[in-house]
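Before any comments, here is the structure.
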Amino acid sequence: MRTTLFRRACHALAGITTLAVLGGLPGAVKPQDTRPLRLIVPTQPGSQADAVARALSQPLGKHLGQSVVVENIAGAGGVPGTQQIVRAPKDGATLGLISSNHVINPFIYKNLPYDSLRDITPITVIGTLPLVLVVNPSVNAQTTRELVALLKAKPGELNCGSSGNGTVLHLAGQLFASEAKVDIRHVPYKGAGNYTTDLIGGQVQVGFLTVQAVLPLLKAGKLKAIAVSTAQRVPALPDVPTLAESGLPRYSFDAWLAIVGPAGMPTASVSALQSRIQATLQEREVQEHLAAQGVVVAATGADAAVPFFRSELDKHATIVRQAGATLN
Numbered sequence: 190m191r192t193t194l195f196r197r198a199c200h201a202l203a204g205i206t207t208l209a210v211l212g213g214l215p216g217a218v219k220p221q222d223t224r225p226l227r228l229i230v231p232t233q234p235g236s237q238a239d240a241v242a243r244a245l246s247q248p249l250g251k252h253l254g255q256s257v258v259v260e261n262i263a264g265a266g267g268v269p270g271t272q273q274i275v276r277a278p279k280d281g282a283t284l285g286l287i288s289s290n291h292v293i294n295p296f297i298y299k300n301l302p303y304d305s306l307r308d309i310t311p312i313t314v315i316g317t318l319p320l321v322l323v324v325n326p327s328v329n330a331q332t333t334r335e336l337v338a339l340l341k342a343k344p345g346e347l348n349c350g351s352s353g354n355g356t357v358l359h360l361a362g363q364l365f366a367s368e369a370k371v372d373i374r375h376v377p378y379k380g381a382g383n384y385t386t387d388l389i390g391g392q393v394q395v396g397f398l399t400v401q402a403v404l405p406l407l408k409a410g411k412l413k414a415i416a417v418s419t420a421q422r423v424p425a426l427p428d429v430p431t432l433a434e435s436g437l438p439r440y441s442f443d444a445w446l447a448i449v450g451p452a453g454m455p456t457a458s459v460s461a462l463q464s465r466i467q468a469t470l471q472e473r474e475v476q477e478h479l480a481a482q483g484v485v486v487a488a489t490g491a492d493a494a495v496p497f498f499r500s501e502l503d504k505h506a507t508i509v510r511q512a513g514a515t516l517n
């Protein structure tokens, strides 16, 4: 009798265990997802967003318990890559690492195939990318006030370059011209490489660059730093003042990077991803690597990311309208 009862108990326990493993019981722990996480970067290999994604992939994979595969889908200001992100399954197996272009594109593309707010699930803002206002060494100005005075004395004679119409560097220059009330001609290039080359060569005299791009050029004496675009000074350039403290008190502008997923992701999945991404961003080696890329780590949660995206959309709508930037 005892043997029969024992056998029945064992069979029942085996059935419960099977149900738990298969996720058939309420509250059962499901097996860990071992599929690679697909991290789409809507820019070309070698871009700053790509470098950050690859710096995060291995440590993030360690926290997730699965590999992270970075996939570049470049072109058209990041639109094709973002399209793949918003169309991905909502299971958290595909995420995207996007940049400030995400909140610029709605105002420069007339027929964007997705909504920049409704069609994504913000997970975390990784950090900001301060910009640096620089001039060619031939420009007779060492400070913002001297540069503004020079531009007002010679309206339209100096050029402000950028990596392209509607890019972050273009809009940073447009906001500077608007706040300083100066007339400076915008010269858009197809990419940052040619723009930087001509800025060094003096074909364009004024412009903005990322901290990562500008540091070696400053050390080599090929450009002069006038001010940084952010509200606070940048640790990598502690002696370079902000534009806000240099006579343009309302000026504050930076680029940023964020991790998002498609709209409709389960809250539990978002929370789990957010906590693991934040743990990754707290690692000393990761922070050192990002600092070398000019990234000021923010690691905001999803609750803060949503209002951040809304405010960024509002801000860029105004700047794009002032710049008159459009691509189709």
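Counting along the sequence shown from 1, when you hit position 197 you're at 386 in the working numbering, and nothing is skipped either side.
Ideal placement from N, C-alpha and C gives every residue a C-beta, glycine not left out.
For residue j and residue i, the rounded distance between their alpha carbons
i: Leu340; j: Thr386; result: 22 Å
i: Pro225; j: Asn290; result: 26 Å
i: Asp308; j: Ile293; result: 15 Å
i: Gln273; j: Leu306; result: 15 Å
i: Gln233; j: Ser288; result: 13 Å
i: Asp443; j: Pro319; result: 5 Å
i: Ala242; j: Gly250; result: 12 Å
i: Pro438; j: Ala277; result: 42 Å
i: Gln471; j: Ser327; result: 42 Å
i: Ala414; j: Leu406; result: 10 Å
i: Pro311; j: Asp304; result: 13 Å
i: Gly535; j: Thr223; result: Nothing can be reported for residue 535: it is not among the residues displayed for the chain, which extend from 190 to 517.
Beta carbon of residue i nearer than 8 Å to that of residue j
i: Leu404; j: Ala425; result: yes
i: Leu284; j: Gly450; result: yes
i: Ala416; j: Ser441; result: no
i: Val259; j: Ala452; result: no
i: Val323; j: Leu412; result: yes
i: Ile373; j: Ala381; result: no
i: Thr394; j: Asn348; result: For the sequence presented, residue 394 should be read as Gln rather than Thr. Yes, Cβ-Cβ distance for Gln394 and Asn348 is below 8 Å.
i: Val371; j: Val337; result: yes
i: Ile262; j: Pro295; result: no
Neighbour-count burial assignment, residue i, 16 or more Cβ in a 10 Å radius
i: Ser435; result: buried
i: Gly350; result: buried
i: Glu501; result: buried
i: Asp264; result: Before going on, a small fix: residue 264 reads as Gly here, not Asp. Under this definition Gly264 is an exposed residue.
i: Asp280; result: exposed
i: Ser352; result: buried
i: Gln511; result: exposed
i: Gln237; result: buried
Own chain residues within Cβ distance below 6 Å of residue i, not counting five before or after
i: Val485; result: Gly316 and Thr317
i: Pro302; result: Gln272
i: Ser256; result: Pro225 and Gly250
i: Ala402; result: none
i: Arg465; result: His252 and Leu253
Residues near residue i in its chain [Cβ-Cβ closer than 7 Å; skip 5 each side]
i: Gln467; result: Thr313 and Ala488
i: Ile508; result: Leu360, Gln363 and Leu364
i: Thr469; result: Leu245, Pro248, Leu249, His252 and Val475
Own chain, CB closer than 8 Å to residue i, minus 5 neighbours either side, in chain order
i: Val268; result: Pro231, Asn294, Tyr298, Leu301 and Pro302
Exercise for the section: Report yes or no: do three or more beta-carbon pairs, one from the segment 331 to 339 and one from the segment 474 to 488, lie closer than 8 Å? Expected result: no
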